[in-house]
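Take the UniProt record's numbering: the final residue in the sequence shown is number 296, and no numbers are missing along the way. Don't be surprised by glycine CBs; every beta carbon is placed ideally from N, CA and C. Predicted model, so just to flag it, every value in this text is computed and none were measured. Take a look at the structure set out below.
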Amino acid sequence: SVVQVLKKLSQKGKTVILTIHQPSSELFELFDKILLMAEGRVAFLGTPSEAVDFFSYVGAQCPTNYNPADFYVQVLAVVPGREIESRDRIAKICDNFAISKVARDMEQLLATKNLEKPLEQPENGYTYKATWFMQFRAVLWRSWLSVLKEPLLVKVRLIQTTMVAILIGLIFLGQQLTQVGVMNINGAIFLFLTNMTFQNVFATINVFTSELPVFMREARSRLYRCDTYFLGKTIAELPLFLTVPLVFTAIAYPMIGLRAGVMHFFNCLALVTLVANVSTSFGYLISCASSSTWMA
Numbered sequence: 001s002v003v004q005v006l007k008k009l010s011q012k013g014k015t016v017i018l019t020i021h022q023p024s025s026e027l028f029e030l031f032d033k034i035l036l037m038a039e040g041r042v043a044f045l046g047t048p049s050e051a052v053d054f055f056s057y058v059g060a061q062c063p064t065n066y067n068p069a070d071f072y073v074q075v076l077a078v079v080p081g082r083e084i085e086s087r088d089r090i091a092k093i094c095d096n097f098a099i100s101k102v103a104r105d106m107e108q109l110l111a112t113k114n115l116e117k118p119l120e121q122p123e124n125g126y127t128y129k130a131t132w133f134m135q136f137r138a139v140l141w142r143s144w145l146s147v148l149k150e151p152l153l154v155k156v157r158l159i160q161t162t163m164v165a166i167l168i169g170l171i172f173l174g175q176q177l178t179q180v181g182v183m184n185i186n187g188a189i190f191l192f193l194t195n196m197t198f199q200n201v202f203a204t205i206n207v208f209t210s211e212l213p214v215f216m217r218e219a220r221s222r223l224y225r226c227d228t229y230f231l232g233k234t235i236a237e238l239p240l241f242l243t244v245p246l247v248f249t250a251i252a253y254p255m256i257g258l259r260a261g262v263m264h265f266f267n268c269l270a271l272v273t274l275v276a277n278v279s280t281s282f283g284y285l286i287s288c289a290s291s292s293t294w295m296a
């Protein structure tokens, strides 16, 4: 469970502060210390075992085989129709805790700490919990998982690219280096670039707008920088944007009868890949500048 994960983090030296609503007795035993508040006052602060002794001392003995968390909530709750009695009981518990040994030990502990020393602030007033590389790795891994969770989208892109490449190859099949053939090859190259441009622009214009609320919330929480998010997102999707031009060129290039030779093929592939990724970047620009998918 989440509480067990947080427990493991605390055992590694991390400080974990958690608010939880009516935990089970099993989860309740995982807490190192608990803080109970009622009517704006501290009713108890200490370990779960100390809580049992304290509430027994004030006359609120937790029954055997009863969830302590539920019992403490009931004891510290203001019961409708019995508000005065409930508030008197809460005040008694809070007053007893204020003069209890646990509270005195806590005050002595705080007194020994140098609380007057100001906290060191970063020069720019902002700080991140993780390093740049850790942020980048986490965002990259999350973005990559998002790509893997949508295999249908990847298949559709590849099938669409294959069908368009075959269609263009059939239209301009086996062109010769004649005047008419050169004009047809120019038209085929134009379709090469046009297809790569619009296909990649429309595939990316809604990438950031759909995740904008999540990004804004996490960025305000200083979880990661803007550059790590952008790089992680784009690199995670880079394999697809490299595969699409490769599939398209590998099918259409030989069908049209463009210039033979491995070097010429790779020159064409590099050009088509460059156009595809420039178009992708332009789609990212539109997505970043748009506040909603509809606007993009």
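Check	Outcome
PHE44 - containing beta strand (DSSP E), residue span	41–46
Reference ILE93, options MET106, ALA77, PHE136, closest by Cα	ALA77
Reduced DSSP secondary structure (H/G/I, E/B, other) of LEU152	helix
Residue span of the alpha helix (DSSP H) that contains ILE205, given as start and end	Per DSSP, ILE205 belongs to no alpha helix (DSSP H) and is neither H nor E.
Cβ distance (whole Å) where SER287 is taken to contact ASN206 below 8 Å	6 Å
Contact check, PRO63 vs SER25, beta carbons under 8 Å	no
7 Å CB neighbourhood of PHE133 in its chain, flanking five on each side removed	none
Separation of SER1 from TYR253, as counted between CA atoms	54 Å
Expected contact under 8 Å - CB spacing of PHE241 and ALA270 to nearest Å	No, PHE241 and ALA270 are not in contact; Cβ-Cβ is about 14 Å, not under 8 Å.
GLY283 versus PHE202 - alpha carbon distance	7 Å
Residues near ALA138 by beta carbon distance below 6 Å, same chain, minus five either side	none
From ALA165, GLU50, ILE251, residue whose alpha carbon lies closest to that of LYS101	GLU50
Backbone CA spacing between ASN184 and LYS155 [nearest angstrom]	30 Å
As assigned by DSSP and simplified to three states, the class of LEU36	strand
THR234, enclosing alpha helix (DSSP H) - first and last residue	226–256
Where the alpha helix (DSSP H) through HIS264 begins and ends	262–289
Buried or exposed (CB count within 10 angstroms, at least 16 for buried), ARG222	exposed
Where GLU50 sits in the DSSP three-state scheme	helix
8 Å contact criterion, which VAL247 and THR161 should meet: CB distance rounded	5 Å
Supposed contact pair ILE256 and GLN175 - C-beta distance, whole angstroms, cut 8 Å	6 Å
TYR72 burial status per 10 Å Cβ neighbour count (16 or more: buried)	buried
Cutoff 6 Å; reference ALA38; Cβ partners in own chain excluding five residues on either side	LEU76, ILE90
Where the alpha helix (DSSP H) containing CYS94 begins and where it ends	83–98
Beta-carbon proximity check, THR209 vs SER279, cutoff 8 Å	no
Assigned secondary structure, PHE190 (DSSP; H/G/I helix, E/B strand, else coil)	helix
C-beta contact flag for LEU231 and PHE172 at 8 Å	no
LEU27 versus TYR57 - alpha carbon distance	24 Å
Residue from LEU30, PRO245, ILE20 with nearest C-alpha to THR194	PRO245
Cβ-based burial, SER146 [other Cβ within 10 Å; buried from 16]	exposed
Inter-residue Cα distance where the pair is ASP53 and THR127	42 Å
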